[in-house]
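Chemist:
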Amino acid sequence: MVLELLGTGISGLDELLKGGIRKTNSVLIAGVPGAGKTVFGMHYIYEGAQRGEPGLFISYEESELSIVEYAESFSMPYTQLIQKGLVTVLSIPLIGKIVTFAPIVDMIRKNKIQRVFLDSITLFEFMDSMSAMSFRREIIEFIRIMKEMGVTLMASSEKKIANIDVIEYGAQDFLFQGLILLTKVRKGASFERCINISKMRGQSHQLGIYPFAIDERGVQVYAQQLPFSLIERGDL
Ligand SMILES: Nc1ncnc2c1ncn2[C@@H]1O[C@H](COP(=O)(O)OP(=O)(O)OP(=O)(O)O)[C@@H](O)[C@H]1O
Ligand SMILES: [Mg+2]
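So for the sequence shown, the numbering used here puts the first residue at 162; every next one is plus one.
1. How many Å lie between ILE171 and GLN364 at the Cα?
2. Shorter than 6 angstroms, the distance from the beta carbon of GLU233 to the closest heavy atom of ligand 3, or not?
3. Classify ASN324 as buried or exposed, calling it buried when 16 or more other Cβ atoms lie within 10 Å of its own Cβ.
4. Tell me whether GLN241 is buried or exposed, calling it buried when 16 or more other Cβ atoms sit within 10 Å of its Cβ.
5. Any contact of the region 212 to 223 with the region 278 to 285, i.e. 3+ C-beta pairs under 8 angstroms?
6. Hey, how far is the Cα of TYR239 from the Cα of VAL229?
7. According to DSSP, is GLN381 helix, strand or coil?
8. Can you give me the start and stop residues for the beta strand (DSSP E) that LEU217 sits inside?
9. Any heavy atom of ligand 1 closer than 6 angstroms to the Cβ of LYS198?
10. Run the proximity test for ILE375: is its beta-carbon closer than 6 angstroms to any non-hydrogen atom belonging to ligand 1?
11. CB-CB under 6 angstroms to ALA196, same chain, minus the five flanking residues each way: which ones, in chain order?
12. If you run the structure through DSSP and keep just helix, strand and coil, what is ARG305?
13. For VAL248 and ARG305, what's the separation of their Cα atoms in angstroms?
14. So for ARG276, helix, strand or coil by DSSP?
15. Got a sec: does ligand 1 put a non-hydrogen atom nearer than 6 angstroms to the Cβ of PRO372?
16. For LEU177, which of GLY395, ASP376, MET361 and SER390 has the nearest alpha-carbon?
17. Rounding to the nearest angstrom, what Cα-Cα distance links GLU214 and GLY246 in this structure?
18. Identify, in the order they occur along the chain, each residue of the same chain with its Cβ nearer than 7 angstroms to the Cβ of VAL346, setting aside the five sequence neighbours on each side.
19. Quick check: the Cα distance between ILE322 and ILE341, rounded to an integer number of angstroms?
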C-alpha cells in the first residue's frame, strides 16, 4: 500500500517526517507558551492552500483579524487565500457558551476542507461538563469525526514544562496518532528552539532532537543539525 502523505510546508520538518503527515491522521503539536505552535499551524494551512487543498484554521484565543495579520507578518497571504476559498479562519468565542462541533463540521462540508488546524485543544475543556473523562471523550470524538470527513488534523496543545527530559504527558498525548514536541533548551544565558517527533503512528520518521528557528519567513527546521545547546551540555 502506498502511503499518502501531506506535506506540512515547514522547511525541514517534512524531511524528518519522510514526506509529511499521513492523510486523515491527527497530529498534536505540543509546547510551552511561545514555542511556535500557532506559526506551525499557519504554515500547515498555507501549504495546503498552495496545493489546492482548502484548509480551516480554528482559534478560540484570537480574532480572525489577528490571525490573518499574524500569518501575513510571515508573508503568507491569508487575505487573498480566504477570498479564493482556499483558507477559512474560524474564531470561536468561548465566553458564556456551550461549545459544540456543529459549526466546525458545517464549515468543513461547506468549504470542502481537507486540512484543519485547531488552536488549541483547550477548546474541549469548554464542552459540556468539565470532567477529565469528558475532555478525553470529546477529543476521541473530534478525531473520529475529522477522520470520517477525510480531514487531516493538526491541533496545538499547551505544555507547562520545556525540558524534554522531564516533560509530562497528558491524556491528549496518547489520543492523537502523532505527537510533535516543541521545546526550548537553555544555551548559556539564552534558549535554543528544539523539535522532536515523539510519535507518528503508521509511518516511519526521524527520532532525533533538532534545532529550529522562527523569523520573518516563519519556521525553519534544521533537519541536518544537532542542537548546540545539547552539545554544550555534553549530552551528545
Ligand atoms: N516575525 C518574527 N520574527 C522572529 N520571531 C518571531 C516572529 N514572530 C513570532 N516570533 C517568535 O515566535 C514566538 C511565538 O510563536 P507562536 O505564536 O507560534 O507561539 P505559541 O506556541 O502558539 O504560543 P502560545 O502558547 O502563547 O499561543 C514568539 O514568542 C517569538 O519568539
Ligand atoms: Mg499560539
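Don't be surprised by glycine CBs; every beta carbon is placed ideally from N, CA and C.
Modeler: For this structure:
1. Pairing ILE171 with GLN364, the inter-Cα distance amounts to about 18 angstroms.
2. Ligand 3 is not part of the structure shown, which contains ligand 1 and ligand 2 as its ligands.
3. When all chains shown are included, ASN324 counts as exposed.
4. Using a 10 angstroms sphere on the CB of GLN241, the tally of other CB atoms stays under 16, which defines it as exposed.
5. Result yes; three or more Cβ-Cβ pairs closer than 8 angstroms.
6. Taken atom to atom, the span from the alpha-carbon of TYR239 to that of VAL229 is near 6 angstroms.
7. DSSP, reduced to helix, strand and coil, places GLN381 within a strand of the structure shown.
8. Note, LEU217: beta strand (DSSP E), 216 to 220.
9. It does: the Cβ of LYS198 is within 6 angstroms (strictly closer) of some heavy atom of ligand 1.
10. Yes; taking the cut-off as 6 angstroms, the Cβ of ILE375 has a heavy atom of ligand 1 nearer than that.
11. Annotation for ALA196: LEU343 place their beta carbon closer than 6 angstroms to its own, counting only its chain and skipping 5 residues before and after.
12. Helix, per DSSP.
13. When the Cα atoms are used, VAL248 and ARG305 turn out to be separated by approximately 22 angstroms.
14. When DSSP states are grouped into helix, strand and coil, ARG276 belongs to the strand group.
15. Every heavy atom of ligand 1 is 6 angstroms or more from the Cβ of PRO372, so no.
16. Nearest C-alpha to LEU177: MET361.
17. Between the C-alpha atoms of GLU214 and GLY246 there is a straight-line separation of about 10 angstroms.
18. PHE352, GLU353, CYS355, PRO388, SER390 and LEU391, listed in sequence order.
19. One Cα belongs to ILE322, the other to ILE341, and the distance between them is close to 14 angstroms.
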